[in-house]
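J.: Take this structure first; my questions come after.
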Amino acid sequence: MKLSYNWLCEWVNPQVSAADLAARITLAGLESEAEPMSGEIPRGVVVGRIVKAERHPQADRLQVCEVDAGNGPLQIVCGAANARAGLNVPCATVGARLPGGTEIGQAKLRGVDSFGMLCSAKELGLAEKSEGLLELDDDAIAGTPIEQYLSFTDDILNLELTPNRGDCLSVLGLAREVSALYGLQMKRPNIPNAVVVGHAQYKVEIEDAANCPSYAGRVISGINPKARTPDWMRERLRRSGIRCIHPVVDITNFVMLELGQPLHAFDCERIGSTVRVRKARAGETLKLLNEQIVTLDHGELVIADEGKLLALAGVMGGAESGVVETTTRIFLESACFAPHAVALTGRRHKLHSDALHRFERGVDPGLQRTALERTTQLILQICGGGSQPGIHAGSQHSGVLPIEVHPVTQVGRSQPDPVNIRLRHARLKQLLGVSIEAKEMEALLARLGITLRPEINNSWQARIPSHRTDLRIEADLIEEVARLYGYERIVAKPYAAQLAPAAAPEALRPISRIKDLLVGRGWQEAITLSFVDARIQMALTPDTTAVALDNPIAETLSVMRATLWSGLIPAWLHNHQRQQRRVRLFEHGVCFAERDGQIIETVRIGGLASGSAFPEQWGSPARPIDFHDLKADVVALLGSAADEYTFVPDSHPALHPGRSARILRKGQVAGWIGTLHPQVVATLQLPDSACVFELDWMAIRETGRPAARPLSEFPSSRRDLAVIAAETVTAQQIVDCVQQAGGKSLQKVLVFDIYRGKGLGDACKSVALGLIFNDYSRTLTVEEIDSAVAAITTALAQQLGASI
């Protein structure tokens, strides 16, 4: 939110610079920065009145204007379409200097002398673009320096408020904070009672009181359709980043900035006689002010009349009911809507507005009638007309400003219970670690409008003002005391207790050890967003129900990732497009999937490798990475428990058939490994089929406790076997069979060669095994080894149909 510092000072003046005030506010928990209103103030520019404007004799698009700049008439040639007699505009006289360094001198345009320049808002540095001259009020005095007339000596406070401090989204709210921080009295605007000149009223019906506890409205008739928003209001709106649209709309925006209450004006000629606050019916549509047409299917809170929708409550008005240039009679709405109802509507339809920004953070439920009276006052002052009796439906609140509101018709006078919180002095000292006297604490809270009623045991009952919707528990009040007392005054102290870190279980590996291992093998860690492209996700995990985002930050980041590959593939492409052909990326993160209406989160570690198997070198020929290269890294990652894992050929929708495997640990699924499926490569337009793996971190992090084991003092024996088996028999099946049949003396089984070709059938292969026999207590005899080999040979023949 942006606010004029000069505007704030009209409410409360701390007598400090804008930069110092921003620093003080930031220390109090409201992040703020101060910046000059304009980077460079124009010099030599004054208010000028166009006395006469005639067509240039040599150019159809130029006019020769006679301008009163306060020191006699000036002849100025101007090409702006809106230049006309009687108009007040900024006039840069000869010798003037505009922002950007442009100096104005005497010139001759198409044979006619020009002694100055009439300026637009862009030329004064007030806007990035503008059409035509900057029109000023009719009562502007010719010759007044423009920096004085438009108050160029101003600063803009730019506040980045946390969602719980919606009460500060206005001059009133910020003035309350400054008043409390500096202990100053706050000035309040004078809001006289509206003089009622008629008896026209609209019937207001609230059908959803839970989401609309308060609704105030009033008819104002006889509005001058040619009224113009005055310059002082235009400037304050502009400095807050709001453009001028229509005097009535500008006034509602001004009051929203001033008091924090969003308002809306309906054209009475375009709506019925009854205003209803209700939930939308399924299939209803509404064309909004931004020309967007929304279909309402989720019971959104709306404003309607007898036959049609008028507005999305608290979000945006409808295009068919808003004020237009010919509007002379309006129904002014000032309501309070539930934050969750407004927020859900905005996110569901991807809408944002200044009103929604405030309602979803919580608007003071006692502010509606005050804002209605303030808006009425300004409309009558600027646009003329007459005020009709107001009507208030829902809860009756006291309001914020101490004004006597004109009597209005009441509907449903249910007074809500005030919020009371018990505050204990001992608890305050315990949480803050500093002793603050009770009287000082009471004075600090009183600055915020919080009244305290003493109780026994040095405690109080605190009554919370209606605008502080964020104060609900004792800790909230203690935080307010700390803010006003000053965090910088609370001295840092060491903890009374010593905190000793617990010893990490030896059986559980920290993720840092896995990351270090992969980095040591040439991999690099990637950290990608949990939001991914739905197209990529669908190609990789078509069988998984994706968790869609209601309000994604981009169309290509619309779902939560169900696999780490969804983020690693775009990261790989990003590097490949920048000539990084050999890529090794891994990531540790959470994946999300929806199952039976529940969102399941799984912590995983995954990786992607592409390019050559080894860095470019002279010692061996270059070759692309394959399944077995990646498997070597994965086996190293599995650590000392690698023998507990098996790689079982299986199919995965994202992996190449015949080049993919499911990783099992004692029969339980631990992950996947393989190369990307050709269809995935074609669908995603990838440069080649990269190798990928993904492991369930909770399934692999346990490795077992390390245990020392003595080395055998006796020699080992090795026997090599060449086993002929069918192609359908895997090497893992052969190794498992050999280990089961070899007995306790068989210590290790090695696969050192696989042969296919001459001498074997087309559907056969030869697997060469190295068998290592050893015993810790004695030297094995030849007969014992021969017996073990014979048992192995028999088992291979019986179980796998293999022969030696």
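Sequential numbering of the sequence shown, starting at 2, is according to the numbering used here.
Backbone N, C-alpha and C define an ideal beta-carbon position, used for all residues, glycine too.
1) Going by DSSP, what residue range makes up the alpha helix (DSSP H) through residue 800?
2) Give the DSSP-derived three-state secondary structure of residue 542 in the structure shown.
3) Just the Cα atoms here: how many angstroms apart are residue 247 and residue 324?
4) If contact is defined by three or more beta carbon pairs under 8 Å, each pair taking one atom from either stretch, is the stretch 667 to 686 in contact with the stretch 729 to 742?
5) Which term fits residue 21, buried or exposed, when burial requires 16 or more other beta carbons within 10 angstroms of its beta carbon?
6) Which residues bound the alpha helix (DSSP H) around residue 89?
7) Please confirm if the stretch 456 to 471 is in contact with the stretch 356 to 367, defined as three or more CB-CB distances below 8 Å between the two stretches.
8) Compute the Euclidean distance between the alpha carbons of residue 89 and residue 128, then round it to the nearest angstrom.
9) Quick one: residues in its chain with C-beta nearer than 6 Å to the C-beta of residue 800, no 5 flanking neighbours on either side, listed in chain order?
10) Expressed to the nearest angstrom, what Euclidean distance is found between the alpha-carbon atoms of residue 501 and residue 431?
11) If the criterion is Cβ atoms closer than 8 Å, does the pair residue 49 and residue 92 meet it?
12) Could you tell me whether the Cβ atoms of residue 720 and residue 786 are closer together than 8 Å?
13) Quick one, which of 133, 14, 15, 224 has its alpha-carbon nearest residue 63's?
14) What is the DSSP secondary structure of residue 326, counted as helix, strand or coil?
15) For the alpha helix (DSSP H) that residue 488 lies in, which residues bound it at each end?
16) Which residues does DSSP pair with residue 646 in a beta bridge?
17) Please return the same chain residues whose Cβ sits closer than 7 Å to the Cβ of residue 138, not counting the five positions on each side in sequence.
18) Put residue 1 into one of helix, strand or coil per three-state DSSP.
19) Would you identify the three-state DSSP class for residue 280, choosing helix, strand or coil?
20) Can you say whether residue 421 is buried or exposed, counting buried as having 16 or more other CB atoms within 10 angstroms of its CB?
21) Give me whichever residues DSSP pairs with residue 525 in a beta bridge.
22) Do residue 464 and residue 474 count as a contact pair if the criterion is CB distance below 8 Å?
23) Can you say whether residue 657 is buried or exposed, counting buried as having 16 or more other CB atoms within 10 angstroms of its CB?
24) Going by the beta-carbon positions, is the gap between residue 810 and residue 370 smaller than 8 Å?
25) Between residue 102 and residue 36, what straight-line distance do the alpha-carbon atoms span, to the nearest angstrom?
26) Could you check what DSSP says for residue 628 in three-state terms: helix, strand or coil?
27) For residue 328, is the classification buried or exposed, using 16 other Cβ atoms within 10 angstroms of its Cβ as the cut-off for buried?
28) When you compare each of 423, 322, 151 to residue 42 by their alpha carbons, which one comes out closest?
29) Leaving out five residues on either side along the sequence, give the residues of the same chain with a beta carbon under 7 Å from the beta carbon of residue 320.
30) Rounded to whole angstroms, what is the Cα-Cα separation between residue 116 and residue 142?
31) Given 8 Å as the limit, is there contact between the stretch 621 to 630 and the stretch 643 to 650, that is, 3 or more CB pairs closer than that?
32) Report buried or exposed for residue 619, applying the criterion of at least 16 other Cβ atoms within 10 angstroms of its Cβ.
33) Take residue 184 and list the residues in its own chain whose beta-carbon comes closer than 8 Å to its own, dropping the five residues that flank it on each side.
34) Quick check: what's the CA-CA separation for residue 550 versus residue 594?
35) Are residue 255 and residue 331 close, meaning C-beta to C-beta below 8 Å?
36) Return the first residue and the last residue of the alpha helix (DSSP H) that residue 12 is part of.
T.: Concretely, from the data shown:
1) 783 to 801
2) coil
3) 8 Å
4) no
5) It counts as exposed.
6) Per DSSP, residue 89 belongs to no alpha helix (DSSP H); it is in the beta strand (DSSP E), 89 to 98.
7) yes
8) 19 Å
9) 738
10) 22 Å
11) Yes, the Cβ-Cβ distance between residue 49 and residue 92 is below 8 Å.
12) Against a cut-off of 8 Å, the Cβ pair of residue 786 and residue 720 comes out as a contact.
13) 133
14) DSSP places residue 326 in coil when its eight states are reduced to three.
15) Careful: residue 488 lies outside any alpha helix (DSSP H) and carries neither H nor E.
16) 666
17) 89, 231, 232
18) This structure gives no information on residue 1, because the portion of the chain shown stretches from 2 to 805.
19) strand
20) exposed
21) 586
22) no
23) buried
24) With the chain covering only 2 through 805, there is no way to say anything about residue 810.
25) 21 Å
26) Reduced to three states, the DSSP call for residue 628 is helix.
27) buried
28) 151
29) 288, 289, 290, 292
30) Here the alpha carbons of residue 142 and residue 116 stand approximately 20 Å from one another.
31) no
32) exposed
33) Excluding five sequence positions before and after residue 184, the CB atoms of its chain that fall closer than 8 Å to its own CB belong to 448, given in chain order.
34) 12 Å
35) no
36) 6 to 12
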